[in-house]
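Novice: Using my numbering, the first residue of the sequence shown is number 439, and each one after it goes up by one. For glycine and all other residues, C-beta sits at the position ideal for the given N, C-alpha and C.
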Amino acid sequence: MTQVSTQASVQSRPLPRAQGSEVQRLAVVSDVNLANLSSLLSRGGDEGRGVRTRLLPFGEVIRPLLEESPREEGEGLLIWVRPESVLPGFRQLLDGSPPESEALDQEVEEFMALVGQAAARFPFTLMASWTPPPSTRGLGMLDMDPTQGVAGTLLRLNLALARAAAAHPGIFLLDAARWMAAGDPVEAARMWYLAKTPFSRPTLTAAAADIQAALRGLRGRARKVVVVDLDDTLWGGILGDAGRDGLRLGGHDPIGEAYVDFQRALKALTRRGVVLAVVSKNDEATALDAIRTHPEMVLRPEDLAGWRINWSDKARNVAELAQELNLGLDSFVFIDDNPSERGRVREALPQVLVPEWPSDPLRYAATLRSMDVFDLPSLNREDRERAQMYAAERQRKEARSSVGSVDEWLRSLEIRVTAEPLSETNLPRAAQLLNKTNQMNLSTRRMTEGELERWTTEPLHRLWTLRVEDRFGDYGLTGIVSLALEPEAARARIVDFVLSCRVFGRQVEETMVHLALEAAREEGSAELVATLVPTEKNAPCRTFWSERSGFETAPDGTFRRPVELAYPAPEFVTLLHLDSPEPASP
């Protein structure tokens, strides 16, 4: 596997209860000695954030899963056990006596019940898939037989593991087969006798890298943007010299095929929620024409969130793109074939990940696919459609520049907001939005999916999710507003007021307040109250409530408004409820 070396960090559901914490913690349950893995994790990998592990006594699996031991805030659980240590039937299979399939399936079910019981005590659980002993060849040509072969049986058992993990939102199954493929089976056998760890150093190194990647994704630190150069990066050749038709791209040419495959790999990332951008020293009109019209191009302008195609400093261009997309530089990966350009961006923008890119284009696609910086704990509709959303946003900006006033622009957008209660369908995205949004966030509370769902079932709690769309496209689920009713005080309190930065300043904020106030009125409250919990990042929320919300700032710092004082729906927004197809009265 091609290794990607970096000066910054090559990195992959945010930690629900430890969002943003610099210290990462894991309790480790295993039937073998994982002290060497603990050492590798503590070094922090390429991101410099070490993992503090709490190794439970190895060899004991069932008791640690059953017992509730004290743990630190935000500590997750890692389970790496061999199947033969927890499944008597699989141990029997290794000894040459195939067990009854039904009995083995029952053992898996019982073990995963214990795992689920343990996982309920932790914010997240990472679990290694099952692999055969490193030096086990099994039955050769019969080993894939699902009833008597070791490999065939493990395929079936791992499928059962994956299905069981998928039924628990907080359990993530990691592919340990890739770790084992990196190792030396003979050295692993030797290490078992020396240290009671049946894994060689390369296996543990690969495992540590995957675990670090998973923790980054759980903490919301996955990279979100890939910025690529054009000449000799996205295609072969120099556009200004060769012209569009002289580029090496596709055709019966190994180099041309490699560039097409690299573009396919980039396009695949967009279906994982990663957005693409271009920074290139070229003539913009000529480059865009080549992207738009070259018959072998896989990527087109509509696949790009933005571009800076000019003769300016690339570091400056990357910084401008970050500002335009309203994303932190620590979300960016910069790919360029030129070592000097890589060095410039790496030095000027240390938050940007700049991998040492191979000089051979035949390695481009494999290098990109080997990177672990994009790992996410879940994928939803908004993730998969993010590239189209950014393309639509470019069209909105073009429309804004073509009209006079802000009101004219808002009217031209034809904004539509749909409010709906929390459901099984929108719960994952709602939890993601709650845990990742910082700027327009009233209380900045972080909750797991289960915690959020339980909160909404309380009799005096109300919550709505908001989906926003306009004539250019669907922004997706971008808002949450929730109320806690306080009948004894005849008031309702806004608990969550969360809105994605993608729809700031388009009267969606006012629509959310209108929705909350009307709901409070229907519940018989006399007053609606909002209490801002200030953070380093939610200044936009503070500005909205203090300057634009229409609420009075009370001496205690809360924002208050009598329910009897009407709060009309914004003029340029159509508000609909899931159970009410007719627009609400403005």
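Using the C-alpha atoms, what's the distance from residue 679 back to residue 698?
Specialist: Within the sequence shown, residue 698 is the residue found at index 260, counting from 1. Within the sequence shown, residue 679 is the residue found at index 241, counting from 1. Residue 698 and residue 679: Cα-Cα distance of roughly 20 Å.
Novice: With residue 603 and residue 593 assumed to form a contact (beta carbons below 8 Å), what rounded beta-carbon distance in angstroms separates them?
Specialist: As a first step, residue 603 must be located in the sequence shown, where it is residue number 165. As a first step, residue 593 must be located in the sequence shown, where it is residue number 155. Going by Cβ atoms, the distance from residue 603 to residue 593 rounds to 16 Å, so no, they are not a contact pair.
Novice: Shortest alpha-carbon distance to residue 654 belongs to which of 514, 560, 759, 664?
Specialist: Sequence index remark: in the sequence shown, residue 654 carries index 216 (1-based). The candidate whose alpha carbon is nearest that of residue 654 is 514.
Novice: Grouping DSSP H, G and I as helix and E and B as strand, with all else coil, what is residue 705?
Specialist: Stepping through the sequence shown from its first residue, residue 705 is reached at position 267. Three-state result, residue 705: helix.
Novice: Where DSSP assigns a beta bridge to residue 1000, which residues make up the other side?
Specialist: Here the question's residue 1000 lines up with position 562 in the sequence shown. In DSSP, residue 1000 forms a bridge with 965.
Novice: Report yes or no: do the segment 1006-1016 and the segment 964-972 share at least 3 C-beta pairs separated by less than 8 Å?
Specialist: No contact exists between the segment 1006-1016 and the segment 964-972.
Novice: Measure the beta-carbon distance from residue 867 to residue 907 and round it to whole angstroms, keeping in mind my assumption that it falls under 8 Å.
Specialist: To locate residue 867, count along the sequence shown from 1; it is residue 429. To locate residue 907, count along the sequence shown from 1; it is residue 469. Actually they do not touch by this definition, with Cβ atoms about 15 Å apart.
Novice: Take the Cβ of residue 769 as the centre, count every other Cβ of all protein chains shown within 10 Å, and call the residue buried at 16 or more, exposed below.
Specialist: By 1-based counting over the sequence shown, the position of residue 769 is 331. Classification for residue 769: buried.
Novice: Identify whether residue 529 lies in helix, strand or coil by the three-state DSSP scheme.
Specialist: For the purposes of this step, residue 529 is taken as the residue at position 91 of the sequence shown. In this structure, residue 529 counts as helix in the three-state DSSP scheme.
Novice: Between which two residues does the beta strand (DSSP E) containing residue 870 stretch?
Specialist: Residue numbering aside, residue 870 sits at position 432 when the sequence shown is read from its first letter. Element bounds for residue 870: not the beta strand (DSSP E) but the alpha helix (DSSP H), 865-874.
Novice: Quick one: residues in its chain with C-beta nearer than 6 Å to the C-beta of residue 905, no 5 flanking neighbours on either side, listed in chain order?
Specialist: Position 467 of the sequence shown, counting from 1, holds the residue named residue 905. The residues are 856, 915.
Novice: With respect to the alpha helix (DSSP H) encompassing residue 656, which residues constitute its N-terminal and C-terminal limits?
Specialist: In the sequence shown, residue 656 corresponds to position 218, counting from 1. Start and end: 639-656.
Novice: So which of 614, 591, 585 has the shortest CA-CA distance to residue 566?
Specialist: On the sequence shown, position 128 is the one that residue 566 refers to. For residue 566, the nearest C-alpha among the options comes from 614.
Novice: What is the residue span of the beta strand (DSSP E) that residue 911 lies within?
Specialist: Counting from one through the sequence shown, the residue named residue 911 turns up at place 473. 911-924 is the extent of the beta strand (DSSP E) around residue 911.
Novice: Residue 512 and residue 561 - do their beta-carbons sit closer together than 8 Å?
Specialist: If you number the sequence shown from 1, residue 561 lands on position 123. If you number the sequence shown from 1, residue 512 lands on position 74. A contact, by the Cβ cut-off of 8 Å.
Novice: Using a Cβ distance threshold of 8 Å, determine whether the segment 643-657 contacts the segment 678-697, with at least three qualifying pairs required.
Specialist: In short, these stretches do not touch, since the Cβ pair count stays below three.
Novice: Starting from the Cα of residue 946, find the closest Cα among 854, 888, 966 and give me that residue.
Specialist: Locating residue 946 in the sequence shown gives position 508, where the first residue counts as 1. Considering only alpha carbons, the answer is 854.
Novice: Taking 8 Å as the cut-off, decide whether the C-beta atoms of residue 673 and residue 661 are in contact.
Specialist: As a working mapping, residue 673 is identified with position 235 in the sequence shown. As a working mapping, residue 661 is identified with position 223 in the sequence shown. Contact flag unset, no.
Novice: Reducing DSSP to helix, strand and coil, say where residue 772 ends up.
Specialist: Counting from one through the sequence shown, the residue named residue 772 turns up at place 334. Strand.
Novice: What residue range does the alpha helix (DSSP H) around residue 544 cover?
Specialist: Position 106 of the sequence shown, counting from 1, holds the residue named residue 544. Note, residue 544: alpha helix (DSSP H), 539-557.
Novice: Going by alpha carbons, who is nearest to residue 926 out of 964, 609, 584, 988?
Specialist: Counting from one through the sequence shown, the residue named residue 926 turns up at place 488. Comparing Cα-Cα distances from residue 926 to each of 964, 609, 584, 988, the minimum goes to 964.
Novice: What does DSSP give as the partner residue(s) for residue 664 in the beta ladder?
Specialist: Position 226 of the sequence shown, counted from the start, is the residue given in the question as residue 664. According to DSSP, residue 664 bridges with 714, 771.
Novice: For a cutoff of 8 Å on Cβ pairs, would you count residue 775 as touching chain C?
Specialist: Judged by its chain identifiers, the structure shown contains no chain C, having just a single protein chain.
Novice: Per DSSP, what kind of secondary structure is residue 521 in: helix, strand or coil?
Specialist: Sequence index remark: in the sequence shown, residue 521 carries index 83 (1-based). Correct three-state label for residue 521: helix.
Novice: With respect to the beta strand (DSSP E) encompassing residue 795, which residues constitute its N-terminal and C-terminal limits?
Specialist: Numbered from 1 along the sequence shown, position 357 holds the residue referred to as residue 795. Looking at the DSSP string, residue 795 is not in any beta strand (DSSP E), and its letter there is neither H nor E.
Novice: Along the chain, where does the alpha helix (DSSP H) that runs through residue 777 open and close?
Specialist: Translated into the one-based positions of the sequence shown, residue 777 becomes position 339. Its alpha helix (DSSP H) spans residues 777-786.
Novice: Which one of 620, 985, 1004 has the shortest CA to CA distance from residue 960?
Specialist: The residue given as residue 960 occupies position 522 in the sequence shown. Taking only the C-alpha atoms, the option nearest residue 960 is 1004.
Novice: If you measure between the beta carbons of residue 922 and residue 933, is that distance less than 8 Å?
Specialist: For the purposes of this step, residue 922 is taken as residue 484 along the sequence shown, with counting starting at 1. For the purposes of this step, residue 933 is taken as residue 495 along the sequence shown, with counting starting at 1. Going by C-beta atoms, residue 922 is nearer than 8 Å to residue 933.
Novice: Count the other CB atoms within 10 Å of the CB of residue 533; is the residue buried (16 or more) or exposed (fewer)?
Specialist: Residue numbering aside, residue 533 sits at position 95 when the sequence shown is read from its first letter. Exposed, because fewer than 16 other Cβ atoms sit within 10 Å of the Cβ of residue 533.
Novice: Please report the residue range of the alpha helix (DSSP H) in which residue 902 lies.
Specialist: For the purposes of this step, residue 902 is identified with residue 464 of the sequence shown, where counting begins at 1. Taken as a continuous stretch (DSSP letters only), residue 902 belongs to no alpha helix (DSSP H), being part of the beta strand (DSSP E) at 899-908.
Novice: May I ask you to verify whether the segment 982-994 touches the segment 881-896, counting CB pairs closer than 8 Å and requiring at least 3?
Specialist: With a cut-off of 8 Å, the segment 881-896 and the segment 982-994 do not count as touching, because too few Cβ pairs lie within range.
Novice: What's the gap between the Cα of residue 966 and the Cα of residue 704?
Specialist: In the sequence shown, residue 966 corresponds to position 528, counting from 1. In the sequence shown, residue 704 corresponds to position 266, counting from 1. Roughly 48 Å between the two C-alpha positions.
Novice: As a quick exercise: from 859, 578, 877, 688, pick the residue whose alpha carbon is nearest that of residue 976.
Specialist: As a position in the sequence shown, residue 976 is number 538, starting the count at 1. The residue with the shortest Cα to Cα distance from residue 976 is 877.
Novice: Kindly indicate which residue of 799, 786, 627, 659 has the alpha-carbon position closest to the one of residue 691.
Specialist: For the purposes of this step, residue 691 is identified with residue 253 of the sequence shown, where counting begins at 1. Checked all of 799, 786, 627, 659; the closest Cα to residue 691 is 799.
Novice: According to DSSP, is residue 945 helix, strand or coil?
Specialist: The residue labelled residue 945 in the question sits at position 507 within the sequence shown. Of the three classes helix, strand and coil, the one that applies to residue 945 here is coil, per DSSP.
Novice: Grab me the residues of residue 725's own chain with a C-beta within less than 7 Å of its C-beta, minus the 5 sequence neighbours each way, in chain order.
Specialist: Stepping through the sequence shown from its first residue, residue 725 is reached at position 287. Counting only Cβ-Cβ distances below 7 Å, and skipping sequence neighbours, we find 668, 677, 718, 747.
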